[in-house]
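One structure below.
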Amino acid sequence: MRALRKEGEDVKMMVRDRELKDPDIISIDGSPLSKRINQLRFVWERLVIYIQNGLDRSNLFKVSIANTGIDLSRRSIIQKSDIIHLHWINQGFLSLESIKKLQKTGKPIVWTMNDMWPFTGICHHAWECERYSHECGKCPLLNSLKRFDLSFLTLRKKSAINSNIRMVSVSSWLRGKALMSSIAQSKDIKVIPNVIDLEVFHPSDKLAARRKYSLPIEKKIILMGAVRIDDPVKGFFFLKEALNNLHMECGDILLVLLGEVKDSKILGDVSFPIIQLGFRSDLFEVAQLYSAVDVNVVPSFYETFGQTIIEAMACGCPSVSFNNSGQVDVIDHKKNGYLAAYKDAADLATGIDWVLNKADR
């Protein structure tokens with residue numbers, strides 16, 4: 002938004018729940034009644050998925066069906082706009098019917114894909130499944146053996162509204178996945194990477210940053226950051242195995258975790274001491290922490306872009322990750338970081354060792 006403002010554009014952002022005080026960020030309706038209705042929309046969508054999944058909660062938040070949402074088409078801000086730019090619209094914000102009504106306004110619509118949901122049936126990430134390239138159905142995340150299941154029906158609905166929406170991807174990897182899909186394979190999909198604020202993310206004094214957060218001056222510090230460190234998708238177990246491989250080769254190492262850990266059992270058997278800093282919403286603090294550490298490790302199964310990687314890079318901190326998804330656009334192997342073989346903890350350890358002990362810094 003700030004970049005567009007500098008170019009003289011009038012930009013407004015509509016959100017369901019506003020967390021920032023920017024006057025150009027507009028909440029749909031902050032009244033208690035509206036918030037309650039939004040909660041009910043969220044619950045209704047999850048309930049339908051729960052029932053369709055045979056009362057199994059295991060994949061409840063790995064899929065979305067957009068069966069309920071808010072009609073924005075008659076809002077004055079929409080009526081006055083020249084273009085509508087969609088981002089992440091799930092969990093009761095916009096439904097597929099809401100998007101159809103936005104199309105009827107005649108405004109051009111651009112949709113930036115931040116995960117795979119815009120072009121799959123219902124999943125935010127398809128893993129090894131490629132059924133979205135044809136028609137979905139028999140969805141593994143629904144434990145379904147039915148051809149005409151919720152994923153099939155939702156993909157059909159998406160296909161009906163998809164024709165005149167311009168799709169944008171945040172990475173080349175995600176673009177490639179979209180071009181495999183039945184509903185986006187013929188589209189001219191552009192790659193526009195996410196941006197960061199260089200007034201926030203920039204190098205700062207390492208020693209001063211370590212003192213501020215009471216981090217030891219003499220240790221080599223490894224950082225892993227995620228909203229949920231113990232989210233299986235984030236691959237902490239790969240980092241743990243890599244650290245155990247490093248134990249015999251590297252000495253004075255400290256692991257810093259930036260994010261929430263709900264299941265502390267995952268931290269067992271780590272070969273090095275750990276400091277948990279929890280979740281930090283202050284981006285200036287996050288930037289200083291990137292400057293304080295020696296390497297940022299992102300052992301995720303997949304990253305649609307790799308936001309933490311580019312943030313760390315802007316602060317002078319190289320990253321180690323797997324050579325498999327969106328981070329390939331960001332990391333230039335052995336130049337500004339290290340791309341390990343996918344799911345290979347030993348090579349991840351090699352990458353960490355390379356950054357800590359062998360790379361020219």
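If you count by the working numbering, then the sequence shown holds residues 2 to 362, one letter each, in order. For glycine and all other residues, C-beta sits at the position ideal for the given N, C-alpha and C.
- Inclusion of serine 183 and leucine 156 in the CB contact set at 9 Å is warranted, their separation being smaller than that value.
- A check of alpha carbon separations from phenylalanine 239 across Ala342, His88, Asn60 and Leu61 identifies Ala342 as the nearest.
- Within the model, the alpha-carbon separation for leucine 73 versus valine 49 is close to 23 Å.
- When the Cα atoms are used, cysteine 318 and glycine 70 turn out to be separated by approximately 41 Å.
- Annotation: glutamine 80 is outside any beta strand (DSSP E); the continuous alpha helix (DSSP H) that includes it extends over 77-81.
- In this structure, the beta-carbon distance from isoleucine 223 to valine 257 falls below 9 Å.
- Judged by DSSP in its simplified three-state form, alanine 179 adopts helix.
- C-alpha of methionine 14 to C-alpha of valine 271: approximately 43 Å in a straight line.
- Assigned with DSSP and collapsed to three states, alanine 350 falls in helix.
- Going by C-alpha positions, serine 145 is about 25 Å away from glutamate 98.
- Rounded to the nearest whole angstrom, the C-alpha separation of valine 16 and threonine 351 is 43 Å.
- For tryptophan 128, the three-state secondary structure derived from DSSP is coil.
- Excluding residues up to 5 positions away in sequence, Ser65 lie with their Cβ nearer than 6 Å to the Cβ of asparagine 91 in the same chain.
- Within the stretch 277-333, complete beta strand (DSSP E) segments of at least 3 residues are found at 296-299 and 320-323, given in chain order.
- Residue burial is scored here from C-beta neighbours: proline 204 has fewer than 16 other C-beta atoms within 10 angstroms and is therefore classed as exposed.
- Rounded to whole angstroms, the separation of the alpha carbons of leucine 357 and lysine 221 is 7 Å.
- A straight-line Cα-Cα distance of about 14 Å links proline 24 and aspartate 18.
- As a beta-bridge residue in DSSP terms, valine 64 pairs with Cys124.
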